[in-house]
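Numbering follows full-length UniProt numbering, with no gaps: position 245 of the sequence shown is 245.
Beta carbons: idealized from backbone N, C-alpha and C, even for Gly.
A quick note: this is a predicted structure, and the numbers were derived from the prediction, not measured.
So the structure is just underneath, and the comments pick up after that.
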Amino acid sequence: MDLTRGQRAKIADLVPGGQQFTLGVTAEAPGLVIDFACFGLDAQGKLADERYMTFFNQPTTPCGGVRLETPPGDTAGFAIDLSKLPATIERLTVTAALENAGTMSQIQRGHVRFLGPGGEVGRFAFTGADFASERALMLLEIYRKDGIWRTCALGQGFNGGLDALVKHFGGTVAEPTPAPSAPEPPKPQAPPVNLSKITLEKKGNTVSLKKQGNQDHGEILINLNWDMRAAPVKRGFFGGTRSGGIDLDVGCLFELKDGTKSVVQALGNSFGNFWGPPYIMLDADDRTGTRTEGENLRINGKHWDEIRRVLVFAFIYEGTPNWAETNAVISLKMPGQPEIEVRLDSGDNRHPMCAIALLENDGGAVRVTKLVDYYRAHPDVDKAYHWGLQWVRGSK
Numbered sequence: 001m002d003l004t005r006g007q008r009a010k011i012a013d014l015v016p017g018g019q020q021f022t023l024g025v026t027a028e029a030p031g032l033v034i035d036f037a038c039f040g041l042d043a044q045g046k047l048a049d050e051r052y053m054t055f056f057n058q059p060t061t062p063c064g065g066v067r068l069e070t071p072p073g074d075t076a077g078f079a080i081d082l083s084k085l086p087a088t089i090e091r092l093t094v095t096a097a098l099e100n101a102g103t104m105s106q107i108q109r110g111h112v113r114f115l116g117p118g119g120e121v122g123r124f125a126f127t128g129a130d131f132a133s134e135r136a137l138m139l140l141e142i143y144r145k146d147g148i149w150r151t152c153a154l155g156q157g158f159n160g161g162l163d164a165l166v167k168h169f170g171g172t173v174a175e176p177t178p179a180p181s182a183p184e185p186p187k188p189q190a191p192p193v194n195l196s197k198i199t200l201e202k203k204g205n206t207v208s209l210k211k212q213g214n215q216d217h218g219e220i221l222i223n224l225n226w227d228m229r230a231a232p233v234k235r236g237f238f239g240g241t242r243s244g245g246i247d248l249d250v251g252c253l254f255e256l257k258d259g260t261k262s263v264v265q266a267l268g269n270s271f272g273n274f275w276g277p278p279y280i281m282l283d284a285d286d287r288t289g290t291r292t293e294g295e296n297l298r299i300n301g302k303h304w305d306e307i308r309r310v311l312v313f314a315f316i317y318e319g320t321p322n323w324a325e326t327n328a329v330i331s332l333k334m335p336g337q338p339e340i341e342v343r344l345d346s347g348d349n350r351h352p353m354c355a356i357a358l359l360e361n362d363g364g365a366v367r368v369t370k371l372v373d374y375y376r377a378h379p380d381v382d383k384a385y386h387w388g389l390q391w392v393r394g395s396k
């Protein structure tokens, strides 16, 4: 079915069952950088819960009913499962917003298409001739009426960018500027949408960071930071007692494209090499948790094409396992990309080792997946993720 602007249709007439499908979105516009988003709105058309804005910084909704997924041949896309959406979400609005200078009139051609189990079943096509100086678009709406999910091809221009769209739908945007000198009394509201940081909330959440044009990824900085909680006596990783607090270490398993596999960590003084293979280096060993910069793994992104995968882990070398008290978090920073944050928020105090995140080479992009699984020791992590290394007891 070819949808024209303003045309409405029942989802069940497009997709068998009318519940699960994928939206593929494309906008061909040389020189323009376009961000796509899907807003989950209430009966008043407002973003009552900002966790239901799905975009590059927030790749899935809490219920899993909407998540980023780009079909082959499209610029962006969303996997939709309407059966998972809570009753408070009455409509989904797919939008496009310019990140750089320009207007939507520069779009040569674009579309939003419905994909079911057998392929494409519906399409709404548009071009820049439909718009003028607008910098954002409301492309398509999926809404619930009389208990039946329907769609409407909008093709509506909107002045302003992504932040203006967020505000239009009743959300708030994190601003770097200070608050006014005489603020109004605070009103209860959801946390602001942060357009510069992605927090992977749930195990299995994934985000893919692509190269910027013809440039390489630059330095990929992975930082571990935590709070040290002192205690009279702490038990070491391999037995015995020590005084002081928790010594939490960051490290990684790596696999290169040529099949080389090993580990970078302070244990065994395997600090790696930034300029030569494996192009990964640990730059510090924080024994106390008092260094404000924590510990850093640095990956030479100029050689990312030589790396197949990297599994980032943390383990408590010294101190009784108490993950809740560590407040541990890793952040991943790359030039020109939003910061990625993963919190160790589901601690298992029976085990001193945590597999935090998996970085995979996805056609040159850096695909980051939250793991946060807990294990007794390195061999258990190795076995779980099929690394195949031989392990011996080490010290530092």
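Contact under 8 Å by Cβ, residue i with residue j
i	j	result
residue 25	residue 98	no
residue 39	residue 95	yes
residue 348	residue 374	yes
residue 361	residue 304	yes
residue 14	residue 147	no
residue 300	residue 275	yes
residue 198	residue 312	no
residue 7	residue 101	no
residue 204	residue 370	yes
residue 65	residue 41	no
residue 157	residue 104	yes
residue 254	residue 207	no
residue 317	residue 258	no
residue 57	residue 277	no
residue 108	residue 77	no
residue 302	residue 216	yes
residue 363	residue 212	no
residue 53	residue 37	yes
residue 17	residue 10	no
residue 131	residue 3	no
residue 365	residue 145	no
Selection from the options that minimises the alpha carbon distance to residue i
i	options	result
residue 281	220, 122, 70 and 57	220
residue 357	393, 392, 314 and 391	314
residue 92	9, 162 and 140	140
residue 324	354, 31 and 334	354
residue 73	120, 83, 48 and 351	120
residue 89	211, 55, 23 and 45	45
residue 341	392, 202 and 4	202
residue 378	390, 138 and 43	390
residue 50	172, 367, 161 and 162	172
residue 352	260, 372 and 165	372
residue 225	343, 80, 159 and 19	343
residue 134	142, 155 and 125	155
residue 149	168, 80, 252 and 118	80
residue 306	333, 350, 261 and 294	261
residue 27	271, 69 and 126	126
residue 333	1, 164 and 298	298
residue 68	256, 252, 350 and 200	200
residue 48	12, 87, 388 and 382	87
residue 55	70, 164, 35 and 43	35
First and last residue of the uninterrupted alpha helix (DSSP H) at residue i
i	result
residue 381	378-384
residue 203	Unbroken run through residue 203: none, as it is neither H nor E.
Span of the beta strand (DSSP E), counted from its first residue to its last, around residue i
i	result
residue 261	261-264
residue 9	8-10
residue 167	First-last for residue 167: 162-168, but that is the alpha helix (DSSP H), not the beta strand (DSSP E).
residue 372	365-375
residue 22	20-28
residue 159	From DSSP, residue 159 is part of no beta strand (DSSP E); its letter is neither H nor E.
residue 38	34-41
residue 281	280-282
residue 389	Where residue 389 is concerned, there is no enclosing beta strand (DSSP E), given that its DSSP letter is neither H nor E.
residue 251	247-256
residue 355	353-362
residue 223	219-225
The region 258-273 touching the region 324-336, judged by at least three CB pairs closer than 8 Å: no
Complete beta strand (DSSP E) runs within the region 67-151 (minimum length 3 residues, chain order): Listed in chain order, the complete beta strand (DSSP E) runs (minimum 3 residues) inside the region 67-151 are 76-81, 91-98, 109-116, 119-126 and 136-145.
Whole beta strand (DSSP E) elements within the region 296-351, 3-residue minimum: 307-318, 329-333 and 339-343
Are the region 105-114 and the region 58-65 in contact at 8 Å, needing three or more beta carbon pairs? no
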